[in-house]
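**Q** Sharing a structure, written as structure tokens. Questions coming.
4 protein chains.
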Amino acid sequence: MIITLSESATSSDIEAICKALSAGSYSASEVRTQFGRYLVAIGSSEIDIRSIGSLPGIKDVHRVSDSYKLVSKKWKVSPSTVKLGNGIEIAGGGFTIIAGPCSIESEEQVRSIAAHLKETGVSIMRGGAFKPRTSPYTFRGLGLEGLKMFHAIARDSGMKVISEVVATADIEAMYDYVDIYQVGTRNTQNFNLLHELGRIDKPVMIKRGMSGTLDELLQSAEYVFSNGNEALLLCERGIRTFEKAYRNTLDLNSVPVLKEKSHLPVIVDPSHGIGIRRFVEPMSLAAVMAGADGVIYEVHPAPEDALSDADQTLNFEESSVLVNRARQCAALRDGF
Amino acid sequence: MIITLSESATSSDIEAICKALSAGSYSASEVRTQFGRYLVAIGSSEIDIRSIGSLPGIKDVHRVSDSYKLVSKKWKVSPSTVKLGNGIEIAGGGFTIIAGPCSIESEEQVRSIAAHLKETGVSIMRGGAFKPRTSPYTFRGLGLEGLKMFHAIARDSGMKVISEVVATADIEAMYDYVDIYQVGTRNTQNFNLLHELGRIDKPVMIKRGMSGTLDELLQSAEYVFSNGNEALLLCERGIRTFEKAYRNTLDLNSVPVLKEKSHLPVIVDPSHGIGIRRFVEPMSLAAVMAGADGVIYEVHPAPEDALSDADQTLNFEESSVLVNRARQCAALRDGF
Amino acid sequence: MIITLSESATSSDIEAICKALSAGSYSASEVRTQFGRYLVAIGSSEIDIRSIGSLPGIKDVHRVSDSYKLVSKKWKVSPSTVKLGNGIEIAGGGFTIIAGPCSIESEEQVRSIAAHLKETGVSIMRGGAFKPRTSPYTFRGLGLEGLKMFHAIARDSGMKVISEVVATADIEAMYDYVDIYQVGTRNTQNFNLLHELGRIDKPVMIKRGMSGTLDELLQSAEYVFSNGNEALLLCERGIRTFEKAYRNTLDLNSVPVLKEKSHLPVIVDPSHGIGIRRFVEPMSLAAVMAGADGVIYEVHPAPEDALSDADQTLNFEESSVLVNRARQCAALRDGF
Amino acid sequence: MIITLSESATSSDIEAICKALSAGSYSASEVRTQFGRYLVAIGSSEIDIRSIGSLPGIKDVHRVSDSYKLVSKKWKVSPSTVKLGNGIEIAGGGFTIIAGPCSIESEEQVRSIAAHLKETGVSIMRGGAFKPRTSPYTFRGLGLEGLKMFHAIARDSGMKVISEVVATADIEAMYDYVDIYQVGTRNTQNFNLLHELGRIDKPVMIKRGMSGTLDELLQSAEYVFSNGNEALLLCERGIRTFEKAYRNTLDLNSVPVLKEKSHLPVIVDPSHGIGIRRFVEPMSLAAVMAGADGVIYEVHPAPEDALSDADQTLNFEESSVLVNRARQCAALRDGF
């Protein structure tokens, strides 16, 4: 059950509500986000929702039977929009393109990509500064200094920045240099990291686990929301199956299903999803028609020379074609 | 290695070629289809392709390193077209819609669906007469009598028929009443059935196994081709994964990959693929943009009353919307 | 619901029972096996089991809520035994070893293996005459002539024979030369083949599908049983997962679960299961401790020269060690 | 390539070695653990190992072609032993039993379990103080205070303690109260956490990811080792598959394969692996015969009242039977 508190709710109001809930064998967690105050009440008994709803300090009350609550569409029916400032936003029902290099490599590389993206009208740039690597002996990214440089160039081009965070200790240091924190597939159930990101007032995009269910993804989002941060994006990035013809199995089924279960925008990552450069474009277009609110892909001036994931990274020409066609698909979809 | 024989090749020509191949430690299988004669030669040693190519009776010679040969795009670069007569065909690079009931239930049901499909311009009707059922105590379809009725109504409406064959013993009896034999996911490696379908001069659509790799699907197609039947369609119908939010995980990654590996048309089945009625349409549109040559879905005048698979079956209104939108997507794709 | 008919039940008795069931909205299938006569009644309404049980011609009545009925332990609590004649049997709760070559290759090969098995006290020999092969260009086995030779040598050594059947058309021809028909993983849902094997009075061992659930395996067994053949064995042979360090993922969890769900004996195939020769032995011993009623593995005088599956085939020395240790494990288990 | 440095190696020796490696296009990482000093050199070119081996400061040099290096058996052939003090150790090739509650709940609960374990001769007790939970609204454990109490009771009984660490921030605070840090399945690729555990001089047990490959598990272990901590244990705990008859699919294939790939001890967790209480015992015995160096399972005085994972937790009687039988299996295995 989600109880939205009114702005005027006092602490004694909240105490009284919790007492009433407790009498009905419900336990309540108070949630304060950048946009509102809520009580999430968990319990299995039957409780008369009207008797609660009439208490002072309450704006409204909703029953939510899902295992996730605040991210559920059963509570908030209208699609959420994540606002990034300067009129740039990611809106449920709209279509946003995010692109950039796998890893931030050099100023020259970033300038070149930023210029390309500006030309194609992409306004959010991705780039990894802290790279989670399977092997400890691999390049792990340029770190904070790389991110600062990346951010400065993005700002020069009027673009917003999304970058992966891999450790709670980095959250604060990254704060001034990212517009969206990305939680990668290996950290999708790093509850400690999610919890800390709940304290931040900047958006968070959570990738689905390598073999994570949609329910788990939504509960991971609930972690961030319930600790105070409503600005959330979900990201489908491919799951692990028996098929070895692609790096991962991009699961577009998740798109309409997540859109039905949650009010949060759904972004698709075809670069990691299929992991084969020449198929990133058709899978992006397919993602649009499946209902995605955006795509995120990798682009590099010379993919074959990229420091990481060259196999799934587009060059500028391919990137321009993708952007152009994806927009046509989104326009067609808008007409439906 | 695939050797295309010239029309004038004599049996002594072939004998001489096989002898030369054998000298190079290759063993050859002769393949005669409705459209040509070939020798498929398998061997691991190095053999001078020119020394073979100059022998009498040979039109051309290609090396094919894939585990499948005749269905490989390395041999035949141009997309294949499956012709069904009366100008109806399924062409690689085009877009075909196939629809109909899961099970053939009654004359009334079939007439109603045929009328709906005719109205929307769909020219190939699907319908199961022999149903493979997990439980022996479930309705297994109306059998041959049902198929005859179905075929007669389809013909009245100028439509072609696709229906599943589950036993070699049924192939002949079904012959006059189907235009395309469908091999279901549970029989995708029933090599005996595939072998027998190679003797038939009617097209065969093979569904991917429930957890079948693309390579296995292509080798299953090779079984039919190598036994004499070139008229083949591949069908993606969803794979089995850990995710239980959908019946199967429709794997659209397979579409561009199969199209690159093989010259055969690729059809997508979103009804079985995602198995949730309200998501059949977005997944169909996604399939178009992923590059599918067609979709096959289930439609019923009253899905909730259908004898089987009601959860994944559209009603006429939903079906009309799907057809209309899928065609707009295909038109947009044609422009790319 | 399963109704066991008394020996004296007349056809009018059965008619009366079916009528009563039908009145309760149940539909009944009559099943006659080599050991008994049953009615399997399917329906969802509440029906008073006592009102049925008191009708003439009935021995007893059981409710079985599983999707499979006659193979369920809810119906038959005591473990089943498959008798092969000459005192050789596979008993639930006992421990049987089955071994032999992947493919029957030559008289010399078979004689050598038969002598080895006799020496180690193995009394059931496996060997493939009809091989299901992913590629149509691979050796498909010696066929019926090979099987006849194999059977003759086995009989000379006092051993029983298990061999795979891949086509309904072969069932009759194989009849005199096998003691157990094996249904392979690719045919585990070839319902037509299963149905026909129900007409036979020889035992059938059904392998789990490559990505088949335990429920599906039990329903496949139900197909055979419900068409008249009670002599059944279930076989775990590894499933398909994301892990590529082994050929398949032998799933020993299935052993205690299948033993709890069904009264049928459970055999484990570690050769196909893990697919790595040097690990066939530890996985066999693990299978014993997990509760398997037997193991089936591959042995060859010179595994590296075997025509198929050399990687998972033991030599005689390894085979003797396996047999010896597996028996010690079984003896320890018996004491628990 | 792994270069073991001699105790007398000076920093100028190391510099010279790195220079020589660099000349051969290899880059080297220096590793200092509680037991030795190494250089791990990564490169793809051919380099003459003898020219390196003769440099001053080097004890020996090994080529290791695996993606993991220091945990590979190609480098260290003999099985590793993890020593916990007071003669308690986990030895590769031996057999160790670890047991305890899922969550630490109360002093009474812990005392009761400690007494039971002492009686059965189990000397390492598990218990969760920081619980990673899918839902943010679930009980997350008693935290550090709970761990302190747990540790005190374990010490009273002469037992060692293993407990899960979920955040780098907790490592130091837990230090005095654990003998083994456990990294759970959701953190198996939390490289930040692994890196920090490399700085600690207490053993770490890493669980396989929910859908992690063995190669990934070994590379996660490499993270800890390469940052300075050699005292490592690997833990198989079940993987995610399509089968829903069990909570996870305990993958015993991993046991002999991990034992062949790595010198680290392999522990099996059947409680989480199969997740069904009555099958924890047979899967434990199977793990022994598959070659495991130990098992870890959950036990509780009243499993049905446990705060978490009641379904996979044994009572004392079941636990005693498991311990007794597992030891008999281990004794039989020792004789092989």
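Going line by line, the protein sequences match chains A, B, C and D. Under numbering that gives the first Met the number 0, the first sequence has 160 at position 161, and the numbering climbs by one with no breaks. Under numbering that gives the first Met the number 0, the second sequence has 268 at position 269, and the numbering climbs by one with no breaks. Under numbering that gives the first Met the number 0, the third sequence has 45 at position 46, and the numbering climbs by one with no breaks. Under numbering that gives the first Met the number 0, the fourth sequence has 313 at position 314, and the numbering climbs by one with no breaks. Note that CB positions come from ideal geometry on N, CA and C, so glycine has one too.
(1) How is the alpha helix (DSSP H) around methionine 173(B) delimited, first residue to last?
(2) Which value, in whole angstroms, describes the spacing of the CA atoms of serine 225(D) and leucine 231(A)?
(3) Please check the pair arginine 236(C) and lysine 206(C), which I expect to be a contact at CB under 8 Å, by giving their CB distance rounded to whole angstroms.
(4) Buried or exposed for alanine 22(D), going by 16 or more other Cβ atoms inside 10 Å?
(5) Counting only Cβ pairs nearer than 7 Å, list the residues of chain D close to methionine 209(C).
(6) Name, in chain order, the residues that DSSP records as bridge partners for leucine 231(B).
(7) Quick check on the burial criterion: 16 or more other C-beta atoms within 10 angstroms. Buried or exposed for glutamine 33(C)?
(8) Considering only their Cβ atoms, is the gap separating leucine 249(A) from asparagine 247(B) smaller than 7 Å?
(9) Cβ of alanine 244(A) within 6 Å of any heavy atom in the ligand MN?
(10) At 4 residues or longer, and completely inside the segment 224–274 of chain B: list those alpha helix (DSSP H) runs for me, N to C.
(11) At the level of alpha carbons, what is the spacing between isoleucine 96(A) and valine 298(A)?
(12) Between phenylalanine 94(B) and chain D, is there a C-beta pair that is closer than 7 Å?
(13) Using the beta-carbon of each residue, which ones in chain C are nearer than 9 Å to glutamate 215(D)?
(14) Is glutamate 242(C) close to chain D? Criterion is C-beta to C-beta, closer than 7 Å.
(15) Given a cut-off of 7 Å on the beta-carbon distance, is the pair leucine 38(B) and glutamate 29(B) in contact?
(16) Give the interface partners of alanine 289(A) over in chain B, defined as CB-CB distance under 8 Å, in chain order.
(17) Do isoleucine 103(C) and glycine 145(C) have their C-beta atoms closer together than 7 Å?
(18) Do we get a CB-CB distance below 7 Å when we pair glutamine 218(A) with the residues of chain D?
(19) Tell me the DSSP bridge mates of aspartate 304(B)?
(20) In chain B, what lies closer than 9 Å to threonine 212(A) by C-beta?
(21) Please check if any C-beta of chain D sits within less than 7 Å of the C-beta of arginine 185(C).
(22) Under 7 Å between beta-carbons, which chain A residues line up against valine 70(D)? List them in chain order, please.
(23) Any beta carbon of chain B sitting closer than 7 Å to that of threonine 133(C)?
(24) Under 7 Å between C-beta atoms, does threonine 9(A) make it to chain B?
(25) Which residues share a DSSP beta bridge with threonine 3(A)?
(26) Which residues of the segment 245–256 of chain C have a Cβ closer than 9 Å to any Cβ of chain D? Give them in chain order.
(27) Is the shortest distance between the beta-carbon of asparagine 191(A) and the beta-carbons of chain D less than 7 Å?
(28) Going along the segment 258–275 of chain A in order, which residues come within less than 7 Å of chain B, judged by CB to CB distance?
(29) The beta strand (DSSP E) with threonine 80(D) in it runs from where to where?
(30) How about phenylalanine 278(B): is its C-beta nearer than 7 Å to some C-beta of chain G?
(31) Got a sec, what are the start and stop residues for the alpha helix (DSSP H) glutamine 181(D) sits in?
(32) Please check if any C-beta of chain D sits within less than 7 Å of the C-beta of phenylalanine 224(C).
(33) Which residues in chain B have a C-beta closer than 8 Å to the C-beta of arginine 324(A)? List them in chain order.
(34) Within the chosen definition, does the segment 204–222 of chain C reach the segment 206–216 of chain D through at least 3 CB pairs nearer than 8 Å?
(35) Given that glutamate 221(B) touches chain C, what residues does it touch there, using C-beta distances under 9 Å?
(36) What residues of chain C sit near isoleucine 205(B), judged by a beta carbon separation below 9 Å?
**A** According to the structure data:
(1) Here residue 173(B) refers to the residue found at position 174 of the second sequence. It spans 167–173 - the alpha helix (DSSP H) in which methionine 173(B) sits, taken as one unbroken run.
(2) Here residue 225(D) is taken as the residue at index 226 of the fourth sequence, counted from 1. Here residue 231(A) is taken as the residue at index 232 of the first sequence, counted from 1. Going from the Cα of serine 225(D) to the Cα of leucine 231(A) covers about 36 Å.
(3) Position 237 of the third sequence, counted from the first residue, corresponds to residue 236(C). Position 207 of the third sequence, counted from the first residue, corresponds to residue 206(C). Contact flag correct, Cβ pair sits at about 5 Å.
(4) Indexing the fourth sequence from 1 puts residue 22(D) at position 23. The C-beta of alanine 22(D) has fewer than 16 other C-beta atoms within 10 Å across all chains shown, which makes the residue exposed.
(5) As a working mapping, residue 209(C) is identified with position 210 in the third sequence. Against chain D, the beta carbon of methionine 209(C) has no neighbour under 7 Å; the closest one sits roughly 11 Å away.
(6) In the second sequence, counting from the first residue as 1, residue 231(B) sits at position 232. BP columns for leucine 231(B) point to Val203(B).
(7) As a first step, residue 33(C) must be located in the third sequence, where it is residue number 34. With fewer than 16 other Cβ atoms within 10 Å, it is exposed.
(8) Against the second sequence, residue 247(B) aligns to sequence position 248. Against the first sequence, residue 249(A) aligns to sequence position 250. Going by C-beta atoms, asparagine 247(B) is not nearer than 7 Å to leucine 249(A).
(9) The ligand MN is not part of the structure shown, which contains no ligands of any sort.
(10) 253–260 and 269–273
(11) Position 97 of the first sequence, counted from the start, is the residue given in the question as residue 96(A). Position 299 of the first sequence, counted from the start, is the residue given in the question as residue 298(A). Looking at the backbone, the Cα of isoleucine 96(A) and that of valine 298(A) are separated by about 12 Å.
(12) As a first step, residue 94(B) is located in the second sequence; it is residue number 95 there, counting from the start. Chain D contact via Cβ: absent.
(13) Here residue 215(D) refers to the residue found at position 216 of the fourth sequence. Neighbourhood of glutamate 215(D) in chain C, by CB distance below 9 Å: empty, with the nearest CB roughly 10 Å away.
(14) Start at 1 with the first residue of the third sequence, and residue 242(C) comes out as number 243. At least one chain D Cβ lies under 7 Å of glutamate 242(C).
(15) Reading the second sequence from its first residue, position 39 is the one you call residue 38(B). Reading the second sequence from its first residue, position 30 is the one you call residue 29(B). Result yes, Cβ atoms of leucine 38(B) and glutamate 29(B) sit closer than 7 Å.
(16) Taking the first residue of the first sequence as position 1, residue 289(A) is located at position 290. Simply Pro281, Met282, Leu284 and Ala285.
(17) Locating residue 103(C) in the third sequence gives position 104, counting from the first residue. Locating residue 145(C) in the third sequence gives position 146, counting from the first residue. The answer is yes: Cβ separation under 7 Å.
(18) Residue 218(A) sits at position 219 when you count from the first residue of the first sequence. It does: the Cβ of glutamine 218(A) has a partner Cβ on chain D nearer than 7 Å.
(19) Looking up residue 304(B) in the second sequence gives position 305. None; aspartate 304(B) has no bridge partner.
(20) Numbered from its first residue, the first sequence carries residue 212(A) at position 213. Ordered by position in chain B, the residues that pass the 9 Å Cβ test against threonine 212(A) are Phe241, Glu242, Lys243 and Ala244.
(21) By one-based count along the third sequence, residue 185(C) stands at place 186. No, because no Cβ of chain D sits closer than 7 Å to the Cβ of arginine 185(C).
(22) Locating residue 70(D) in the fourth sequence gives position 71, counting from the first residue. Chain A residues near valine 70(D): none, gap ~11 Å exceeds 7 Å.
(23) For this step, residue 133(C) is matched to residue 134 along the third sequence. Judged by the 7 Å Cβ criterion, threonine 133(C) is in contact with chain B.
(24) Here residue 9(A) is taken as the residue at index 10 of the first sequence, counted from 1. It does not; no Cβ of chain B falls within 7 Å.
(25) Taking the first sequence and counting its residues from 1, one reaches residue 3(A) at position 4. DSSP output for threonine 3(A) lists Tyr37(A) and Asp59(A) as bridge partner(s).
(26) Residues of the segment 245–256 of chain C that bring their beta carbon within less than 9 Å of a beta carbon in chain D comprise Tyr245, Asn247, Thr248, Leu249, Asp250, Leu251, Asn252, Ser253, Val254, Pro255 and Val256, in sequence order.
(27) On the first sequence, position 192 is the one that residue 191(A) refers to. Asparagine 191(A) counts as touching chain D.
(28) Ile273
(29) Counted from its first residue, the fourth sequence places residue 80(D) at position 81. Run containing threonine 80(D): 80–84, per the beta strand (DSSP E) assignment.
(30) Note that chain G does not occur in the displayed structure, where the protein chains are A, B, C and D.
(31) Taking the first residue of the fourth sequence as 1, we reach residue 181(D) at position 182. For glutamine 181(D), no alpha helix (DSSP H) run applies; the uninterrupted beta strand (DSSP E) run containing it begins and ends at 179–182, by DSSP.
(32) For the purposes of this step, residue 224(C) is taken as residue 225 along the third sequence, with counting starting at 1. For phenylalanine 224(C), the answer is no, since every Cβ of chain D falls outside 7 Å of its Cβ.
(33) In the first sequence, residue 324(A) corresponds to position 325, counting from 1. Chain B residues near arginine 324(A): Phe335.
(34) no
(35) Position 222 of the second sequence, counting from 1, holds the residue named residue 221(B). What glutamate 221(B) touches in chain C: Ser134, Pro135 and Tyr136.
(36) The sequence position of residue 205(B) within the second sequence is 206, counting from 1. Residues of chain C passing the Cβ test: none, with the nearest at roughly 13 Å.
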